[in-house]
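For the sequence shown, the numbering used here begins at 1 and goes up steadily by one. Virtual Cβ for every residue (Gly too), placed ideally from N, Cα, C. To start, the structure under review is shown below, and the notes come after it.
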Amino acid sequence: MKFNHKLIGLCTAFALMLSGCERSFEELEKDPNRPVTAPASLVLQGIESDMYGNIGTPFSDEMRWNQFYAINYNYYGNNEYNWSSFTDHYATLKNVVKMEEEAKRAGLADVNVYSAVGKFFRAFFFDQMSVRGGDIPASEALKGLEIITPKYDSQKDVYIQILAWLDQSNSEMTSLIAGGNSKLTGDFYLGEDLAKWQKVVNSFRLRILIRLSKKEGEAGMNVKSQFAEILANPTKYPLMGGMSDNLEFKSNLFNKYPSNPDNFGFDATRQNMAQTYVGLLTARKDPRVMVTTEPAGAQLKAGKLPSDFTAFIAANSGEDLSDMSNKAGKDNGPGFAPGEYSFQSRSRYYSNYIGESTFLVGYPEMCFNIAEGIARGWATGSAETWYKKGIQASQEFYGVKTGALTMTYSKTGGRAASDFANYTVNFNFDDYYAQPIVKFAGNNIAGIEQIVTQKYLAFFMNSGMEAYFNYIRTGFPKFMTGVGTGNSGRIAVRWQYPLSERTTNETNYNAAIQSQFAGKDDINQQLWLSK
């Protein structure tokens, strides 16, 4: 018998077409060339990258709003507090859910290293949104198609949940470490060491409790008792023991520090330092200013030495931008850097691609948070001891410690080795600390101002907008305002909600705006957290 191969082929193709028609649209739309699963370790790396990249990197807009530096060239920006909506971190949070799902799909138990850090990531990113905007979708968020218009949780309930996640994260980590399961595969921050992550979790929890200082007596929050419990039980709640425990991002030749040799010509003279930061350091005769900052060219031309703290002069962030530009670009003649203002250190920030480590949660901040909590009467202990530890840890990060210190500045404002010159300053911590402006004033408002001010100085170019959040919470240190900061001379106190909330979750968005701000989504409306 002879077969008609053409006929058989047509019948086969027809049969395949029929079977294809029986497949659902959801099946047909799947791209066979795109993966639908990924190892939890790989998803983790994306989440960790977002922690650094999406909250405010060094020399970013956020650092201008912290008043660490200012931009003087209006084509590329300004120093105004006229921002709009905050960054939506729900995409990253969906990856946290995916990371946890992938860990279980790979056969891990319900409680595993990824579930433990997942609770920390939830706390971290929900805090980043709520501290900027107020009430946010939380309990009904991340439900996928199950709930596409989630309700807004009150800011109080969000922070109750954040504290609960952190407590649960610590408990899970304790159990996992005790069982010998302490390797967080894929982690590039802390060497895949879950024990180090546990210290970060508890140190971050202290940040959240201090963030709630105005709500220390709020029913159901237990702010003071939680703070005291953490300090009283270091075995249950291990904390950072030094700078080696920092959660920090380290730049390299591939992930370059934002200020580096590549962009010297673009931003080195368009970004001068801000007086809020520089003035606090020079008033305290603190050599950290000589590490991060150049002496002003106009001051050196006038005869001052680079070792003179009065040679470091920065711009008021509220200055008119055209005035700042003219002063920053002033020609001081050959052999001197241009400008009336100090710029960021050429040797530290433009000599290589590594710059300095960027803290996300740092040991100096933890020290100051402990000092502040004790000063507020939340726990027993010596606030002064922790205050001094915080200062010394921050200073030593910049190489400032008792002895002769070699400093480098650029004679002409350039970055070539031939432009650099060294000078020596002698530093003694005891003498530094003995200054009335530095020596701890006690467990009172003056002492708290000193703690928060030194914490501000330690936040330079790291920890996102924590410097600003502490200012909004306490009023310390005083931020500068004027025509250059816009917003009618006011420092904005919150962000608006993302446009996507207004267009896709309108009913719940309107209810949240009405309950918090009498219907006005405005950057000058005070949050529950700050009242």
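According to DSSP, S410 shares a beta bridge with F420. Around the C-beta of P137, 16 or more other C-beta atoms lie within 10 Å, and the residue is accordingly described as buried.
DSSP places S85 in the strand class (E or B) of the three-state scheme. For N272, no alpha helix (DSSP H) encloses it; the enclosing beta strand (DSSP E) starts and ends at Q271 to M273.
Boundaries for V291: no beta strand (DSSP E) harbours it, while the alpha helix (DSSP H) harbouring it runs R288 to T292, taken from the DSSP string.
Here G484 is near E319, since their CB atoms are less than 9 Å apart.
Taking C-beta separations shorter than 7 Å and ignoring five residues to either side along the sequence, the partners of L499 in its chain run S85, following chain order.
Residue state for L281 is assigned as helix, using DSSP reduced to three classes. 9 Å or more divides the Cβ of T408 from the Cβ of N426.
A straight line joining the alpha-carbon of N505 with that of F517 spans about 18 Å. In the structure shown, N426 falls within a strand segment according to DSSP collapsed to helix, strand and coil. In the DSSP annotation of this structure, the continuous segment of the beta strand (DSSP E) that includes L360 starts and ends at T358 to V361. Here L108 carries a coil assignment [DSSP, helix/strand/coil]. As the crow flies, the alpha-carbon of N78 is around 12 Å from that of N272. The C-alpha of G56 is placed about 37 Å away from the C-alpha of P32.
Distances from the CA of N233 to each of A375, L247 and K199 were compared; the closest alpha carbon is that of K199. In the DSSP secondary-structure assignment, K183 is bridged to D193. Pairwise C-beta distances place the stretch 182-189 in contact with the stretch 34-44, as three or more of them are shorter than 8 Å. For I523, the CB contacts under 8 Å within the same chain, skipping 5 residues up- and downstream, are Y81, N82, W83, S84, N487, A492, V493, R494, W495 and Q496 in chain order. Under the three-state reduction of DSSP output, Q526 falls in the coil class, being neither helix nor strand.
Contact between F249 and S357 holds, with the beta-carbon distance rounding to 7 Å and staying under 8 Å. Closest by C-alpha distance to Q392, out of Q161, F476, Q454 and L231, is Q454.
Residues S345 of the same chain have their beta carbon placed closer than 6 Å to that of T292, with the five preceding and five following residues left out of the count. Within the DSSP bridge table, the entry for D153 names I136 as partners.
Using a C-beta cut-off of 8 Å, the stretch 474-481 makes no contact with the stretch 106-120, since fewer than three inter-stretch Cβ pairs fall below that distance. For A393, the enclosing alpha helix (DSSP H) has its first and last residue at A383 to F397. For Y52, the enclosing alpha helix (DSSP H) stretches over residues A40 to G53.
Under the three-state reduction of DSSP, Y69 is assigned to strand. Its chain contains A116, K119, F120 and V201 as the residues whose beta carbon lies nearer than 6 Å to that of S169, once the 5 sequence neighbours on both sides are disregarded; these appear in chain order. Ranked by how close their Cα comes to the Cα of T37, the residues R105, W165, Q526 and F68 have R105 in first place.
DSSP places E101 within a helical segment (H, G or I) once states are collapsed to three. Runs of beta strand (DSSP E) with 3 or more residues, each lying fully within the stretch 210-263, are found at 247-249, listed in chain order. Scanning the stretch 425-477 from its first residue to its last, the whole alpha helix (DSSP H) runs of 4-plus residues come out as 429-434, 445-458 and 466-474.
Rounded to whole angstroms, the separation of the alpha carbons of A337 and G414 is 8 Å. Under the three-state reduction of DSSP, G77 is assigned to coil, being neither helix nor strand.
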